[in-house]
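Note that the protein sequences, when read in sequence, are chains A and B.
To convert a position in the first sequence, counted from 1, into our numbering, add 7.
To convert a position in the second sequence, counted from 1, into our numbering, add 400.
For every residue, glycine included, the Cβ atom is placed at its ideal position computed from N, Cα and C.
Note that the structure is a prediction, hence the values are computed from the model and not measured.
Input: a single structure, listed below in structure tokens.
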Amino acid sequence: MSKDYSVGFWRKRPFRALHQLSLQIERGEVFGFLGPNGAGKTTTLKLLTGLIFPTEGTATILGHPVGEPETFLHMGYLPEQPYFYDYLTAEELLDYFARFFPLPPAERKRRRDTVLEQVGLAEFRHRPLRKFSKGMLQRVGIAQAVLHGPEIVLLDEPMSGLDPVGRREVRDLILQLKAEGKTVFFSTHILSDAEALCDRVAVLNRGRLVGVGRISELVEPRTGYEVVLECSSPEALPKLEALATKPLFASGGQCRLEIPEQRLPELLTLCQGGGLRLISLNPVRFSLEDYFVEVLRGADANRPPASTP
Amino acid sequence: MNSLSQTRAIVLNTFREAVRDRVLYNLIAFALILIASALLFGEISIGIQKTILINVGLSSISIFGLLISIFLGIGLVYKEMEKRSLYALLSKPIRRHQFIVGKFLGLNFTLLVNTAFMSAGLWAALYYLTRQFEPQDQFLWVAIYFILLSLSLVTALCLFFSCFATPVLSAIFTLLVYIIGNFSADIRTFGELTQNNLLKGLTTFLYYLLPNFSDFNIAAWVSHGKAVAPRLILLNTLYTLIYGGILVAASALIFSRKDLK
Numbered sequence: 008m009s010k011d012y013s014v015g016f017w018r019k020r021p022f023r024a025l026h027q028l029s030l031q032i033e034r035g036e037v038f039g040f041l042g043p044n045g046a047g048k049t050t051t052l053k054l055l056t057g058l059i060f061p062t063e064g065t066a067t068i069l070g071h072p073v074g075e076p077e078t079f080l081h082m083g084y085l086p087e088q089p090y091f092y093d094y095l096t097a098e099e100l101l102d103y104f105a106r107f108f109p110l111p112p113a114e115r116k117r118r119r120d121t122v123l124e125q126v127g128l129a130e131f132r133h134r135p136l137r138k139f140s141k142g143m144l145q146r147v148g149i150a151q152a153v154l155h156g157p158e159i160v161l162l163d164e165p166m167s168g169l170d171p172v173g174r175r176e177v178r179d180l181i182l183q184l185k186a187e188g189k190t191v192f193f194s195t196h197i198l199s200d201a202e203a204l205c206d207r208v209a210v211l212n213r214g215r216l217v218g219v220g221r222i223s224e225l226v227e228p229r230t231g232y233e234v235v236l237e238c239s240s241p242e243a244l245p246k247l248e249a250l251a252t253k254p255l256f257a258s259g260g261q262c263r264l265e266i267p268e269q270r271l272p273e274l275l276t277l278c279q280g281g282g283l284r285l286i287s288l289n290p291v292r293f294s295l296e297d298y299f300v301e302v303l304r305g306a307d308a309n310r311p312p313a314s315t316p
Numbered sequence: 401m402n403s404l405s406q407t408r409a410i411v412l413n414t415f416r417e418a419v420r421d422r423v424l425y426n427l428i429a430f431a432l433i434l435i436a437s438a439l440l441f442g443e444i445s446i447g448i449q450k451t452i453l454i455n456v457g458l459s460s461i462s463i464f465g466l467l468i469s470i471f472l473g474i475g476l477v478y479k480e481m482e483k484r485s486l487y488a489l490l491s492k493p494i495r496r497h498q499f500i501v502g503k504f505l506g507l508n509f510t511l512l513v514n515t516a517f518m519s520a521g522l523w524a525a526l527y528y529l530t531r532q533f534e535p536q537d538q539f540l541w542v543a544i545y546f547i548l549l550s551l552s553l554v555t556a557l558c559l560f561f562s563c564f565a566t567p568v569l570s571a572i573f574t575l576l577v578y579i580i581g582n583f584s585a586d587i588r589t590f591g592e593l594t595q596n597n598l599l600k601g602l603t604t605f606l607y608y609l610l611p612n613f614s615d616f617n618i619a620a621w622v623s624h625g626k627a628v629a630p631r632l633i634l635l636n637t638l639y640t641l642i643y644g645g646i647l648v649a650a651s652a653l654i655f656s657r658k659d660l661k
């Protein structure tokens, strides 16, 4: 799918917010959608909920075209920074939303009470939403997304605005949904959350997909070491630099660098040559954050056009 | 899935939003005060107290109804888009046109209840003044019904404009159309008098394009105890149904294709 927006006041010109995104999400997986601000994450989620229409391409959810009422029977959506009718109480809002599903009144009430318990808002059920904090609104948003027991849950930045406890609760909720066999697709720029929760992630930058894969594939094969050395001969520094994955840090006769696993023998040979003394050698795992930074750097180096000609 | 019960949920929520807004009560209270003050106006105009009371009463209902319908109508769609409360709603199994129809009917229901309150005030004032109801007083109901029809058209106009314009612009557009629509007979007369064909064409076009609100205003007629022809009731009802229906359908069409950025 691609999406162009019109920008400019007098002379409208297209701005490409999403460029030929092609993705397949498997049933039952937790899929993380990563990218910096303005990468096109929210645009993608809005396309998948039919709130905006694609300039080209289509998407289907469980075989149904997006945006159709029958699709929403099996799908829940939490918008980014959700806002709800502030004149309603949490209970009234959920009751209102439940009326759009084919549920008998008793079942509607049961579902409403269950999700209020699930997101920890049962004791605030009669409080008007205008008196809710940002974190509480986020929880109401999650409650309305899972109210009807959907098979697929789309969450746009579900952890934003939450305190550490709230984030932990949302993480637990996502894991609970996964345990129930639901498919969860969520966007985030908090990488530790994605790392802890996702089976697969996709990285988006400037509207383009720049990487996608299983976290285990992206992260595991790339291990290395953090090395601290005492360096008495300055001519050894360029040799060390050639081994390092990141710019090395040298200060007060010591230097610190990261090297990939396969270059460890070369480093040890260098140390035997004199002028260098090994102080510590710690294994480091190549984190999702490193991967993220790497693909974004790579993408920026290629400089994809932000707008269509 | 019963789409009627879904639309009814939107209607009731729109009504609930209105009744939880304090501004609404202030407007109704003000209208009732104005109707009560009409009794005082009557004191200084011996012999035509009743005429003045009915004129002022119906005008109050009409003006405050207009204020309520514009005030609430311009925000019907725009506010939900701006605050993004729509996102969660439209990700439920409903179609966008149900949202538009539900919002329109919800505001009409609100106006019906408000007008009922204000009308009760007028009837009470009338009884206080005359201590009895006369047979021709029944046409007061027709005048109130016509006010409701015109408010329904105003709501449809607001809804239509708010699908693509900001609230302030929607309010200005609606008010302009309302004012011009109250003088549409004059526009046609002007067109008939002019020799300029272009101007004649333009006035005829405007006469048929803009809603004709002047036919809904029968306050002066009713206040003099004159009867209202059943034909006018039928024609005004049909006119509102057709004109309002086209506006709501156009709003639904625009809104169904809109990107909710």
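Nearest-angstrom Cβ-Cβ length linking Ala257 (chain A) and Cys278 (chain A), presumed shorter than 8 Å = That belief does not hold up - the Cβ atoms of Ala257 (chain A) and Cys278 (chain A) are roughly 16 Å apart, past 8 Å.
How would you write the range of the beta strand (DSSP E) that Tyr232 (chain A) sits in, first residue to last?
Thr230 to Cys238
Quick one: residues in its chain with C-beta nearer than 8 Å to the C-beta of Ala105 (chain A), no 5 flanking neighbours on either side, listed in chain order?
The answer, listed in chain order, is Arg115, Arg118, Arg119, Leu154 and His155.
| task | Assuming Val208 (chain A) and Val302 (chain A) form a contact by the criterion Cβ under 8 Å, report the distance between their Cβ atoms to the nearest whole angstrom. | result | Contact doesn't hold; Cβ gap of about 10 Å is too wide.
For Met166 (chain A), the residue or residues it bridges with in DSSP: Answer is none; Met166 (chain A) lacks a bridge partner.
Just the C-alpha distance for Phe91 (chain A) and Ser614 (chain B), rounded to the nearest angstrom, thanks.
40 Å
### Task
Return the bridge partner residues of Asp615 (chain B) from the DSSP annotation.
Per DSSP, none; premise fails for Asp615 (chain B).
*Considering only residues of the same chain and omitting the five flanking positions on each side of Phe655 (chain B), which have a CB-CB separation below 6 Å?*
Arg496, Ile500 and Cys563
Taking Cβ positions, are Leu25 (chain A) and Gly47 (chain A) nearer each other than 7 Å?
yes
- Task: Determine the contact status of Gly457 (chain B) and Ile435 (chain B), defining contact as a CB-CB distance below 7 Å.
- Result: yes
Practice problem: Note down, in chain order, every chain B residue with its Cβ under 8 Å from the Cβ of Glu77 (chain A). | Solution: Pro493
- Query: Hey, how far is the Cα of Pro272 (chain A) from the Cα of Val300 (chain A)?
  - Reply: Rounded to whole angstroms, Pro272 (chain A) to Val300 (chain A) spans 27 Å at the Cα level.
Problem set entry | According to DSSP, residues forming a beta bridge with Gly39 (chain A) | Beta-bridge annotation (DSSP): Gly39 (chain A) is paired with A:Phe193 and A:Val208.
### Message
Applying the 10 Å Cβ sphere with the 16-neighbour rule, what's the burial state of Ser240 (chain A)?
### Response
exposed
| Using a Cβ cut-off of 9 Å, which residues of the region 61-92 of chain A contact any Cβ in chain B, in chain order? | Gly74, Glu75, Pro76, Glu77, Thr78, Phe79, Leu80, Met82, Gly83, Tyr84, Leu85, Pro86, Glu87, Gln88, Pro89, Tyr90, Phe91 and Tyr92
Expressed to the nearest angstrom, what Euclidean distance is found between the alpha-carbon atoms of Thr315 (chain A) and Phe22 (chain A)?
-> Its pLDDT being 37, under 50, Thr315 (chain A) is placed unreliably by the model, and the measurement read from it follows with that caveat. Answer to the nearest angstrom: the Cα atoms are 7 Å apart.
Contact criterion: CB-CB distance below 7 Å. Does Thr56 (chain A) meet it with respect to chain B? yes
- Item | N- and C-terminal bounds of the alpha helix (DSSP H) containing Ser651 (chain B) | That run of the alpha helix (DSSP H) goes Pro630 to Ser656.
Asn597 (chain B) CB to nearest chain A CB: under 7 Å?
-> no
> Taking three-plus beta-carbon pairs below 8 Å as touching, is the region 66-78 of chain A in contact with the region 472-487 of chain B?
Replying inline: no
Candidates B:Phe590, B:Leu548, B:Ala565 and B:Leu606: which alpha carbon is nearest Thr510 (chain B)'s?
-> B:Leu548
- Can you list, in chain order, the residues of its chain whose CB lies under 6 Å from that of Gly214 (chain A), leaving out five sequence neighbours each side? Arg23, Ala24, Leu25, His26 and Gly47
- Query: Taking Ala556 (chain B) as the reference, which of B:Lys661, B:Ala431 and B:Val648 has the closest Cα?
  - Reply: Here the closest residue by C-alpha is B:Val648.
For chain B, is any of its Cβ atoms less than 7 Å away from the one on Arg106 (chain A)? yes
Q.
Within 7 Å of any Cβ in chain A, is that where the Cβ of Arg588 (chain B) sits?
A. no
Assess contact between the region 605-614 of chain B and the region 575-595 of chain B, defined as three or more Cβ pairs (one per stretch) separated by less than 8 Å. Is contact present? A contact exists between the region 605-614 of chain B and the region 575-595 of chain B.
ask   = Does the beta carbon of Asn426 (chain B) sit closer than 7 Å to a beta carbon anywhere in chain A?
value = no
### Task
List the residues of chain A that Tyr487 (chain B) touches, going by C-beta distances under 7 Å, in chain order.
Leu58 and Pro86
Could you tell me which whole beta strand (DSSP E) segments of length 3 or greater appear in the region 531-560 of chain B?
none
Practice problem: Please state if the CB of Glu164 (chain A) and the CB of Ser194 (chain A) are separated by a distance shorter than 7 Å. | Solution: yes
Q | Within the region 412-482 of chain B, ranges of the beta strand (DSSP E) (whole runs, at least 3 residues) | A | none
Is there a Cβ of chain B sitting closer than 7 Å to that of Gln151 (chain A), yes or no? yes
**Report entry** Residue of A:Leu136, A:Gly142, A:Glu248 and A:Thr276 minimising C-alpha distance to Arg175 (chain A)
**Finding:** Taking each of A:Leu136, A:Gly142, A:Glu248 and A:Thr276 in turn and checking the Cα distance to Arg175 (chain A), the smallest one comes out for A:Gly142.
Determine which residues of the region 545-573 of chain B have a Cβ less than 7 Å from any Cβ of chain A, and write them out in chain order.
-> none
I'd like to know if Tyr298 (chain A) contacts chain B, where contact means its C-beta is closer than 7 Å to some C-beta of that chain. no
Cβ of Tyr94 (chain A) within 7 Å of any chain B Cβ: yes
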